[in-house]
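Residue numbers (the UniProt record's numbering): 1 to 832. The beta-carbon is built from N, C-alpha and C at its ideal position, and this holds for glycine as well.
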């Protein structure tokens, strides 16, 4: 398999990579995948993205890192504010709702998520990881660390570290032992494992690798310093053809070097402008949007060649040998022929739920098309992370964070290809004691194949127990029933729900569940995978069939239950409790159904994730023709007779009343007064078995009642939710045009597609959206990124009078008038 910078290796020869893949795919363990520079961490992630059976998303702490990893930033996905996260603070508790405001689609993704990948974990602060934990627990309604989602954390703590400004650390140091991710409170509640990749693919010189390892581990020996400093040459001037790049600590210095070297070249400058569409923030541009180049300029490729010939890779250096408005050719050192460079497209993705498959999928939010080149006489050490250079000049005189020296040196493939711009001193490669202590701790008990085998067994056993555990359903049901009982004077329950029936059926399910869980625990073996244990599979299949029937009986009356009350707050609480119970019931039923033909961890995870996504809360269900409720009964005498008959049959056969006839069925009979078996069979809940056992008795009771009261023709009340045929359909009036825009936006259409579909200009649609933000029908973060909002807000604060023209001039062409209107509307000012 090829790596992201041209490296190539085989998975089968790397035991650590196979071990990591086993833990991520076959267990629920949190994994910290680390390793020296050039050991294949990024390539592992790319393979996982292509092959994983788990529902996963990829994140990173910065925009550039997220783009390189093919994911999104932690802040944008979880809607986290920038700045320190202080767990338990009054300010956080007071502001919690605003911090975690998130779209329904993201909630669906979070609730059905199996695996969260965080790339470049070395740059993630402990408080940011705790903020992610809080978001996951909140939206998954779980007290487990990270809401029960598995974490894969990829990175090297000996490279770039998190940024904590002094005023931020003053707030955090009372909560955290260090700024690093491993000191997060949430992670300390887990037993995560650490896997270190040791085989280095970037360098092949053993002596150079040994020196790099000493730099990384803060144990640089005097002879190693001496060997490195033989590469110090303050007067070194590389030949134009050699392709040296300078790695420096500060962005300004790199920019100045590139600018001066370009100006020194003779000849015409050429400007290549990127094509940008949709949402593609400037901070993640992979190269300049306005790329200025000349013949003779030293450039670096910023993408792997997507073509079959693989003529270049990310980080490869070359020189422009031919350039025009239509064509650029780059010759790399040691290559016989120049490469014709065509524009490539980068995509800024967002995660969505596929409407057909209900799987998590990547959707393109925006794109950036440009020649995959940037000026490369110099680059910052920070931006060089993940790249490989044949020849480099290393300037570490002004490094300002630990790890920068190691990152810079480890970009080089050989010692001979490296020149030091300043001598290296031992003090320049110091490491934080917190990292060294963490390193020592995780090296004490490295995981191995035996531990992985045990973890796989434990994981499958855990999933099976989770599948048949009814504890959460029990607590949900008890809460709902307590609401019914505590508010019995305020609330009327409709739809045939009988509290005693619910308690009886649920009690049976819960009791059998406890017995079944004990049975499973007794037959589990620490050496055998449940998936391959024939006896366990037999018991699971039988258990699946039994629980399916009982849970479906429970789901029926719950689905038909309605609430009538004048107390809006009580109704809201009961509807929420019903929704939560019905969702948990739907997810539980889906998991148990997945075991109908035997248990598989992949099948179970897929089933429960799909059920999480597909559940529709009551308030969002499409209106359907409802069944009759007790309030529709015009024949209460018959209804009471049916209930007495049901009670007598239940005592006679030693069954619960609902096992004879559901009360909601009795309601339908008391309203419709069926005269034939065909009419009786039309009632939902009456099947062949019911007709065979009790059909004639029921019809005789109805016939006696109709004769007694002289009823020949049954007059039915109007069904709830039905409309008279004469009632005209509501037409959209001219004043509803903003509502139409809102409806289309809620359906997932972009502003551009709304404008096109409605035959309106984009500026008109933007004005609609600004008005909807002003009226609090839309949130601004549904339309603009956090970074863009802040940029526009800054410009507004610097311009007096809210002049759109002045604000636009200050922001330039990257921002349109509609976006400015949206921010002003968010601030309370609506401009047409």
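For residue 647, the closest of 560, 662, 685, 393 by C-alpha to C-alpha distance is 662. The beta carbon of residue 137 sits closer than 6 Å to the beta carbons of 147 from its chain, once the five residues preceding and following it are set aside; these are given in chain order. Excluding residues up to 5 positions away in sequence, 36, 158, 406 lie with their Cβ nearer than 7 Å to the Cβ of residue 216 in the same chain. At a Cβ-Cβ threshold of 9 Å, residue 491 and residue 565 count as neighbours.
The C-alpha of residue 413 is placed about 8 Å away from the C-alpha of residue 204.
Within its own chain, the residues whose Cβ lies closer than 7 Å to the Cβ of residue 343, once the five positions on either side in sequence are excluded, are 369, 370, 371, listed in chain order. Between residue 547 and residue 517, the CB-CB gap reaches or exceeds 9 Å.
When Cβ pairs closer than 8 Å are counted between the two stretches, the stretch 369-389 is seen to touch the stretch 232-246, the count reaching three or more. About 6 Å separates the beta carbon of residue 822 from that of residue 784, a gap short enough to meet the 8 Å contact definition. Residue 27 sits buried, since 16 or more C-beta atoms from the chains shown fall within 10 Å of its C-beta.
The beta carbons of residue 232 and residue 67 sit no closer together than 9 Å. A direct Cα-Cα distance of roughly 34 Å separates residue 64 from residue 611. In the DSSP annotation of this structure, the continuous segment of the beta strand (DSSP E) that includes residue 492 starts and ends at 492-494. When secondary structure is reduced to three states using DSSP, residue 73 falls in the strand class. Contact holds between the stretch 325-341 and the stretch 299-314, because three or more Cβ pairs, one in each stretch, are under 8 Å apart. For residue 180, there is no enclosing alpha helix (DSSP H), as DSSP gives it neither H nor E.
For residue 346, the enclosing beta strand (DSSP E) starts and ends at 344-353. Look at residue 787 here: in three-state DSSP terms it is helix. Here residue 131 is not near residue 182, since their CB atoms are 9 Å or more apart.
Annotated three-state conformation of residue 287 is coil, per DSSP. Selection 322, 820, 813, 793 evaluated against residue 804 yields 820 as nearest (Cα-Cα).
Comparing alpha carbon positions, the residue from 113, 294, 46, 224 closest to residue 613 is 113. The beta-bridge partner set that DSSP reports for residue 329 consists of 322, 340. In the DSSP annotation of this structure, residue 822 is not part of any beta strand (DSSP E); the continuous alpha helix (DSSP H) holding it starts and ends at 817-827. By a beta-carbon distance limit of 8 Å, residue 155 contacts residue 34. Their separation comes to about 7 Å.
The Cβ atoms of residue 349 and residue 363 lie closer than 9 Å to each other. The alpha-carbon of residue 794 is positioned some 48 Å away from that of residue 443. Within 10 angstroms of the beta-carbon of residue 419 lie 16 or more other beta-carbons, which makes it buried. Classified as exposed, residue 260 has fewer than 16 neighbouring CB atoms from the shown chains inside 10 Å of its CB.
In this structure, 280 is the residue among 404, 270, 280 with its C-alpha nearest to the C-alpha of residue 786. By alpha-carbon distance to residue 435, the top candidate from 179, 452, 514 is 179. According to DSSP, residue 412 shares a beta bridge with 389. Of the residues assessed, residue 456 falls on the buried side of the cut-off, its CB having 16 or more other CB atoms within 10 angstroms. Residue state for residue 384 is assigned as helix, using DSSP reduced to three classes.
Within its own chain, the residues whose Cβ lies closer than 8 Å to the Cβ of residue 462, once the five positions on either side in sequence are excluded, are 28, listed in chain order. Per the coordinates, the alpha-carbon of residue 771 lies some 41 Å from the alpha-carbon of residue 251.
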